[in-house]
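Engineer:
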Amino acid sequence: MNGKGGGEEGVAATSSVSPPLDWKFSQVFGERTAGEEVQEVDIISAIEFDKSGDHLATGDRGGRVVLFERTDVKEHGSRRELEKLDYSISRHPEFRYKTEFQSHEPEFDYLKSLEIEEKINKIRWCQTSNGALFLLSTNDKTIKFWKVQEKKVKKVSEMNVDSSQASANGNIPSSCSASPRPCLPNGGCSERPYKYLSSDFQFPPGGFPTLRLPVVASEDTSLIARCRRVYAHAHDYHINSISKNSDGETFISADDLRINLWNLEISNQSFNIVDVKPANMEDLTEVITSAEFHPMQCNTLAYCSSKGSIRLVDLRQSALCDNHSKLFEEHETPGTRSFFTEIIASISDIKFSKNGRHILSRDYMTLKLWDINMDSGPVATFQVHEYLRPRLCDLYENDSIFDKFECCLSGDGLRVATGSYSNLFRVFGCAPGSSEATTLEASKNPMRRQVQTPARPARSLSSLTRVVRRGSESPGADANGNSHDFTTKLLHLAWHPNENSIACAAANSLYMYYA
Numbered sequence: 001m002n003g004k005g006g007g008e009e010g011v012a013a014t015s016s017v018s019p020p021l022d023w024k025f026s027q028v029f030g031e032r033t034a035g036e037e038v039q040e041v042d043i044i045s046a047i048e049f050d051k052s053g054d055h056l057a058t059g060d061r062g063g064r065v066v067l068f069e070r071t072d073v074k075e076h077g078s079r080r081e082l083e084k085l086d087y088s089i090s091r092h093p094e095f096r097y098k099t100e101f102q103s104h105e106p107e108f109d110y111l112k113s114l115e116i117e118e119k120i121n122k123i124r125w126c127q128t129s130n131g132a133l134f135l136l137s138t139n140d141k142t143i144k145f146w147k148v149q150e151k152k153v154k155k156v157s158e159m160n161v162d163s164s165q166a167s168a169n170g171n172i173p174s175s176c177s178a179s180p181r182p183c184l185p186n187g188g189c190s191e192r193p194y195k196y197l198s199s200d201f202q203f204p205p206g207g208f209p210t211l212r213l214p215v216v217a218s219e220d221t222s223l224i225a226r227c228r229r230v231y232a233h234a235h236d237y238h239i240n241s242i243s244k245n246s247d248g249e250t251f252i253s254a255d256d257l258r259i260n261l262w263n264l265e266i267s268n269q270s271f272n273i274v275d276v277k278p279a280n281m282e283d284l285t286e287v288i289t290s291a292e293f294h295p296m297q298c299n300t301l302a303y304c305s306s307k308g309s310i311r312l313v314d315l316r317q318s319a320l321c322d323n324h325s326k327l328f329e330e331h332e333t334p335g336t337r338s339f340f341t342e343i344i345a346s347i348s349d350i351k352f353s354k355n356g357r358h359i360l361s362r363d364y365m366t367l368k369l370w371d372i373n374m375d376s377g378p379v380a381t382f383q384v385h386e387y388l389r390p391r392l393c394d395l396y397e398n399d400s401i402f403d404k405f406e407c408c409l410s411g412d413g414l415r416v417a418t419g420s421y422s423n424l425f426r427v428f429g430c431a432p433g434s435s436e437a438t439t440l441e442a443s444k445n446p447m448r449r450q451v452q453t454p455a456r457p458a459r460s461l462s463s464l465t466r467v468v469r470r471g472s473e474s475p476g477a478d479a480n481g482n483s484h485d486f487t488t489k490l491l492h493l494a495w496h497p498n499e500n501s502i503a504c505a506a507a508n509s510l511y512m513y514y515a
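Each residue of the sequence shown is one higher than the one before, starting from 1 at the first, in full-length UniProt numbering.
Shown next, in the form of structure tokens:
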């Protein structure tokens, strides 16, 4: 995206537009059979790749965290070694189940008479150390820091007691005796300790046949998940996001009105850095919906609100960052305001690009790409399901209008993705001149709902690339005319940090695709 500093993100540096990706099904975990009822506790509520892309974590509404590890790289050696050998990897990423653990349990706040559910809201990977994996997980109130490590299980395979001879003699050999006095060959016992044995004591030729040392063997390795820290009692409202800092030592947690800064090693103290709670709650006009640290600058973070604005904060300015350094918001077109305008403008998720130059935001109807150096408006807008606009009243009645969809960027910054209803998700190209707008379904045949229509050309609104990309606009139906099912929604997805691979959650099933 940044032509100067972001080699890995070439939105502005690409001279030719890459063709649309051809997405293929890779794997599915927890696939449902036809007619199978999904248990509420099994529904996936969080997905996150680690920095290397070799591990994937999911959290569910039952408070469990499930880890997956990549297998196709291990079969050929480490990725770094393959790059040194200029080895071309033709196989797509493949993952296998690694382990799972119970991260959170249901609780009850007796002071507020409030039930705290165990659902995992967010998972964030931390830096690995000594072969162990570290991650943060949170529910509505409590954040936990987990360490997952392989432990070798050792067992004694051979004892030093010959059971047959011990039973025949009716006693235990002297090597196992608890007596502090040494036993002599004639059957007597010396009153002196071992080091004062008489010089005439001799071992029989060949030694004692029944004296054997215990043999310890490593039977197997097991993965142990241990909770290292618990960060609790710091939020009065539900935690909606956590984000680790690039310094590797701190992280932030955000609820509706406050953002707290934590040190990973200190669980009983946090610093409140953003507080939007008014003195009179009747004056409350907006709440915080998500917060994210800059991937490279440890002093910079962004948070978004229910009014559709994104604020960039510099921690060096003051201890309490009530005053933002930059404000990103799109002013509404005059005459377009309606009852639903503020509701659908609420931003549900934000993500920084890999080099930190751009911010991707998702509101109910659109994806927007922002350049942090330009606060006049988004550089690109992608309309996810514009055909639902005539049905906003129905969506309001069944509360679907309050669904919180996540978004993600590819590692090279050339594409963005987000979910929709009927288990569909959209992939858009955001390079200058790109008209890529692909609709995929979370199933073994992701392209079955794809309709072959000529893509609309991007409309250049200024010297900068500012485009509006639309999808199918048939009201109440998808690209193939199928009616939408608002009960099946794809809220959570993640893009592999280094490859064109997407993991997405459809209820309790985890689908993976590659291109």
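Beta carbons are placed, not taken as given, at the ideal position from N, Cα and C, and that holds for glycine. Since we're looking at a predicted model, the values are computed, not measured.
How far does the alpha helix (DSSP H) with C393 in it reach, from first residue to last?
Structural biologist: Working through the sequence shown from its first residue, we reach residue 393 at position 393. L392 to E397 is the span of the alpha helix (DSSP H), which, as asked, contains C393.
Engineer: Tell me the DSSP secondary structure of D109 in three-state form.
Structural biologist: Counting from 1 along the sequence shown, the entry for residue 109 is found at position 109. Strand.
Engineer: The alpha helix (DSSP H) that contains residue 522, what's its start and end?
Structural biologist: This structure does not reach residue 522, given that the chain is present from 1 up to 515, and the question cannot be answered.
Engineer: Can you give me the C-alpha to C-alpha distance between F134 and T341, rounded to a whole angstrom?
Structural biologist: The residue you call residue 134 lines up with position 134 of the sequence shown. The residue you call residue 341 lines up with position 341 of the sequence shown. Distance between the alpha carbons of F134 and T341: 41 Å.
Engineer: Is it the case that the region 254 to 269 contacts the region 216 to 234, given that we only count it when at least three CB pairs across the two stretches are under 8 Å?
Structural biologist: Yes, the region 216 to 234 touches the region 254 to 269.
Engineer: If you draw a straight line from the C-alpha of V313 to the C-alpha of M374, how long is it?
Structural biologist: Here the question's residue 313 lines up with position 313 in the sequence shown. Here the question's residue 374 lines up with position 374 in the sequence shown. Rounded to whole angstroms, V313 to M374 spans 15 Å at the Cα level.
Engineer: Note down the Cα distance separating C126 from L213, rounded to an integer number of angstroms.
Structural biologist: Taking the sequence shown and counting its residues from 1, one reaches residue 126 at position 126. Taking the sequence shown and counting its residues from 1, one reaches residue 213 at position 213. Going by the C-alpha atoms only, they are around 43 Å apart.
Engineer: How many angstroms separate the CA atom of G305 from the CA atom of N130?
Structural biologist: As a position in the sequence shown, residue 305 is number 305, starting the count at 1. As a position in the sequence shown, residue 130 is number 130, starting the count at 1. The residue asked about is misnamed: residue 305 is Ser in this sequence, not Gly. So the alpha carbons of these two residues sit roughly 39 Å apart.
Engineer: Restricting to Cα atoms, I'd like to know which of N280, L409, I123 and E100 is closest to L223.
Structural biologist: Stepping through the sequence shown from its first residue, residue 223 is reached at position 223. Nearest C-alpha to L223: E100.
Engineer: Tell me, which residues are paired with V274 by DSSP?
Structural biologist: One-based indexing of the sequence shown puts residue 274 at position 274. Looking at the DSSP assignment, V274 forms a beta bridge with I259.
Engineer: Let's test the definition: count the other Cβ atoms within 10 Å of the Cβ of E48 and tell me whether it reaches 16, buried, or not, exposed.
Structural biologist: Position 48 of the sequence shown, counted from the start, is the residue given in the question as residue 48. So E48 ends up on the buried side.
Engineer: Compare the beta carbon distance of P93 and R61 with 9 Å and say whether it is the shorter of the two.
Structural biologist: Mapped onto the sequence shown, residue 93 falls at position 93. Mapped onto the sequence shown, residue 61 falls at position 61. Not in contact: P93 and R61 (Cβ atoms no closer than 9 Å).
Engineer: Can you check the region 303 to 364 for any alpha helix (DSSP H) of at least 4 residues that lies completely inside it and give the ranges in chain order?
Structural biologist: The region 303 to 364 contains these whole alpha helix (DSSP H) runs: 341 to 345.
Engineer: State the beta-bridge partners of A437 as determined by DSSP.
Structural biologist: Residue 437 sits at position 437 when you count from the first residue of the sequence shown. DSSP, once it has assigned bridges, lists F428 as partnering A437.
Engineer: If I follow the unbroken beta strand (DSSP E) through K141, where does it start and stop?
Structural biologist: For this step, residue 141 is matched to residue 141 along the sequence shown. K141 -> no beta strand (DSSP E), and no H or E assigned at all.
Engineer: What do you get for S361, buried or exposed, if any count of 16 or more other CB atoms within 10 angstroms of its CB means buried?
Structural biologist: Mapped onto the sequence shown, residue 361 falls at position 361. Buried, since its Cβ has 16 or more Cβ neighbours within 10 Å.
Engineer: What residue range is occupied by the uninterrupted beta strand (DSSP E) comprising I252?
Structural biologist: Taking the sequence shown and counting its residues from 1, the one referred to as residue 252 is at position 252. First-last of the beta strand (DSSP E) with I252: T250 to A254.
Engineer: Decide if M512 is buried, meaning its Cβ has at least 16 other Cβ atoms within 10 Å, or exposed.
Structural biologist: Residue 512 sits at position 512 when you count from the first residue of the sequence shown. Counting Cβ neighbours within 10 Å, M512 comes out buried, since at least 16 surround it.
Engineer: Quick one: give me the first and last residue of the beta strand (DSSP E) that E292 is part of.
Structural biologist: Here the question's residue 292 lines up with position 292 in the sequence shown. That run of the beta strand (DSSP E) goes I288 to F293.
Engineer: Spatial neighbours of N323 within its chain, please: CB distance less than 8 Å, with the 5 preceding and 5 following residues excluded, ordered by chain position.
Structural biologist: Counted from its first residue, the sequence shown places residue 323 at position 323. Result list for N323: Q317, in chain order.
Engineer: Have a look at S137 and S243 and give me their C-alpha separation to the nearest angstrom.
Structural biologist: Here residue 137 refers to the residue found at position 137 when the sequence shown is read from its first residue. Here residue 243 refers to the residue found at position 243 when the sequence shown is read from its first residue. Straight-line Cα distance between these residues: approximately 10 Å.
Engineer: Is DSSP giving I502 helix, strand or coil here?
Structural biologist: Within the sequence shown, the letter at position 502 stands for residue 502. I502: strand per DSSP, three-state reduction.
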